[in-house]
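Encoded as structure tokens, the structure appears first; notes follow it.
2 protein chains.
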Amino acid sequence: MAQHRTSARESILDAFVDLLIESNGAGVTLDEVAKRAGVTKGGLLYHFGSRKVLDTGLLDRFEQLANEDYARMEAAPEGAATYYAKLADYIGTDLERVCIATGMLAKRDARAADLVRQMRTIHFNLMNADLGDPMLARATMLIVDGMYYDLATIGEPFTPELDVAAFLSRMLATKSGR
Amino acid sequence: MAQHRTSARESILDAFVDLLIESNGAGVTLDEVAKRAGVTKGGLLYHFGSRKVLDTGLLDRFEQLANEDYARMEAAPEGAATYYAKLADYIGTDLERVCIATGMLAKRDARAADLVRQMRTIHFNLMNADLGDPMLARATMLIVDGMYYDLATIGEPFTPELDVAAFLSRMLATKSGR
DNA sequence: GTCTATACTTCGATAGAC
DNA sequence: GTCTATCGAAGTATAGAC
Numbered sequence: 005m006a007q008h009r010t011s012a013r014e015s016i017l018d019a020f021v022d023l024l025i026e027s028n029g030a031g032v033t034l035d036e037v038a039k040r041a042g043v044t045k046g047g048l049l050y051h052f053g054s055r056k057v058l059d060t061g062l063l064d065r066f067e068q069l070a071n072e073d074y075a076r077m078e079a080a081p082e083g084a085a086t087y088y089a090k091l092a093d094y095i096g097t098d099l100e101r102v103c104i105a106t107g108m109l110a111k112r113d114a115r116a117a118d119l120v121r122q123m124r125t126i127h128f129n130l131m132n133a134d135l136g137d138p139m140l141a142r143a144t145m146l147i148v149d150g151m152y153y154d155l156a157t158i159g160e161p162f163t164p165e166l167d168v169a170a171f172l173s174r175m176l177a178t179k180s181g182r
Numbered sequence: 005m006a007q008h009r010t011s012a013r014e015s016i017l018d019a020f021v022d023l024l025i026e027s028n029g030a031g032v033t034l035d036e037v038a039k040r041a042g043v044t045k046g047g048l049l050y051h052f053g054s055r056k057v058l059d060t061g062l063l064d065r066f067e068q069l070a071n072e073d074y075a076r077m078e079a080a081p082e083g084a085a086t087y088y089a090k091l092a093d094y095i096g097t098d099l100e101r102v103c104i105a106t107g108m109l110a111k112r113d114a115r116a117a118d119l120v121r122q123m124r125t126i127h128f129n130l131m132n133a134d135l136g137d138p139m140l141a142r143a144t145m146l147i148v149d150g151m152y153y154d155l156a157t158i159g160e161p162f163t164p165e166l167d168v169a170a171f172l173s174r175m176l177a178t179k180s181g182r
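Chains V and Y supply the protein sequences, listed in that same order.
Each residue of the first sequence is one higher than the one before, starting from 5 at the first, in our numbering.
Each residue of the second sequence is one higher than the one before, starting from 5 at the first, in our numbering.
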């Protein structure tokens, strides 16, 4: 039974992600999502039976994209830490968008919060395996996260911007001295 | 005209802060605030004429407590950076509570967002003046913020916990080598 | 100064037409 | 499969009694 890869469903999820990002954590209503997706609330509720089902649809998409990224990070020739620090390669991707949207959901959805926690743990483990120094892995992760946070929330790099590569050099230089 | 230091107003603000923290970014209603404060919604709306006025009341309190803390941080004998890194002295204070509550408001209130941004800038400037190294000040701030974030949101220190004092030693050791 | 009662709005969800 | 119409719950705000 050949069936259209139903794009209405995907359009609705796209609209949901967009609105979650734009509304910056405030509530996103089914009416808004339906309007943005070009359907009515009734139409939306045909595809996603309830608000909760819509949330779950987003989290499923997040999980898929995140898993793909873990694999890329682990296999990165430049190493997991350097891969993680390349914010320019992350910003603007579908993964980033779904990630932000999932973060917005995390306040009222336990599964979303779990997925975000799980992601942080996996990122740390990969960077630790790469650098072989838990303290350095931890510091690097915190710094990259913080820089991204400033970039993402304030909309511009905090002044002065930190050169992560230079920071890593400075930190790595201290390893031999222990 | 001696007038009671009207504590109903303060009780309402206390309840508002508590509920904002507990509800972790979800909506806090006037009914909930009123109930927690031991007044009715009508009573609440006598003291704070609208939802927006209640928000403003919280932000005024934040601004006052934050300004007091800036002064302490600048005058700290151990230096601004070390003062900033002492999370144990911050966690559990009224300042922390109001700070979290203000952060919750920042999503839907522009003034709250501005106050948070302003606080970050002041913290950075004080640490930079203390350390005399913008890159180190920036890294330290990001790391302390990140550790606090994990502590506050996940409820426990991320494993492994980073020793900020040791980190500062390692980083400061690299300064002479530039 | 604080409470009760209620009006108005918004949101999620259901029923049923098409 | 998508839309219209509408319900019920929850939220903010107002009017007026006490």
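Note that beta-carbon positions come from the ideal geometry of N, C-alpha and C, so glycine has one too.
Quantities reported herein were computed from a predicted structural model and do not represent experimental measurements.
Check	Outcome
Is Y:F171 helix, strand or coil by DSSP?	helix
Please go through the same chain and pick out, in chain order, the residues whose beta-carbon is closer than 7 Å to the beta-carbon of V:V21, but skip the five residues on each side of it.	L62, R101, V102 and A105
Is DSSP giving V:A143 helix, strand or coil here?	helix
Y:S27 by DSSP, collapsed to three states: which one?	coil
Taking Y:H127 as the reference, which of Y:A141, Y:D35, Y:S27 and Y:K45 has the closest Cα?	Y:A141
Using a Cβ cut-off of 7 Å, pull out every chain Y residue sitting near V:N28, in sequence order please.	K111
Closer than 8 Å by beta-carbon distance: list the chain Y residues that pair up with V:L23, in chain order.	Simply none; closest approach about 14 Å.
Using the three-state DSSP reduction, which class does V:E100 fall into: helix, strand or coil?	helix
Taking contact to mean 3 or more Cβ pairs, one atom from each stretch, closer than 8 Å, check whether the stretch 49 to 64 of chain Y and the stretch 111 to 118 of chain Y are in contact.	yes
Can you tell me whether V:E26 is buried or exposed, with buried defined as 16 or more other CB within 10 angstroms of its CB?	exposed
Around the Cβ of V:N71, are there at least 16 other Cβ atoms within 10 angstroms (buried) or fewer (exposed)?	exposed
At least one CB of chain Y closer than 8 Å to the CB of V:F200: is that the case?	A question about residue 200 of chain V goes unanswered here, because the residues of chain V that appear run from 5 up to 182.
Identify every run of the alpha helix (DSSP H) within the stretch 58 to 110 of chain Y, keeping only runs that are complete inside it and at least 4 residues long; order them along the chain.	84 to 89, 91 to 94 and 98 to 109
Residues in its own chain within less than 6 Å of V:A108 by CB, not counting five upstream and five downstream?	Looking at the sequence provided, one finds Met at residue 108 of chain V rather than Ala. The answer, listed in chain order, is L24 and G29.
If we ignore side chains and look at the alpha-carbon of each, how far apart do V:L34 and V:A12 end up?	15 Å
Could you tell me which of V:M151, V:R121 and V:F66 sits nearest to V:L17, measuring between CA atoms?	V:F66
Helix, strand or coil for Y:D113 per DSSP?	coil
What does V:A143 reach in chain Y if we use C-beta pairs closer than 8 Å?	A143, I147, L166 and F171
Please list the residues of the stretch 57 to 84 of chain Y that have a C-beta atom closer than 8 Å to any C-beta atom in chain V, keeping them in chain order.	none
Please classify V:A75 as buried or exposed, where buried requires at least 16 neighbouring CB atoms within 10 angstroms.	exposed
Could you work out which residues of chain Y lie near V:G150, taking near to mean beta carbons separated by less than 8 Å?	M145, L146, I147, D149 and G150
Can you give me the C-alpha to C-alpha distance between Y:D64 and Y:S15, rounded to a whole angstrom?	15 Å
Considering only their Cβ atoms, is the gap separating V:A133 from V:A84 smaller than 8 Å?	yes
Less than 8 Å between the beta carbons of V:V37 and V:L48, yes or no?	yes
Look at the alpha carbon of Y:A80 and the alpha carbon of Y:L91, and state the distance between them as a whole number of angstroms.	15 Å
In this structure, how does DSSP classify Y:V148 when only helix, strand and coil are distinguished?	helix
DSSP on V:T125, reduced to helix/strand/coil?	helix
I'd like the span of the alpha helix (DSSP H) that includes Y:V37, first residue to last.	L34 to A41
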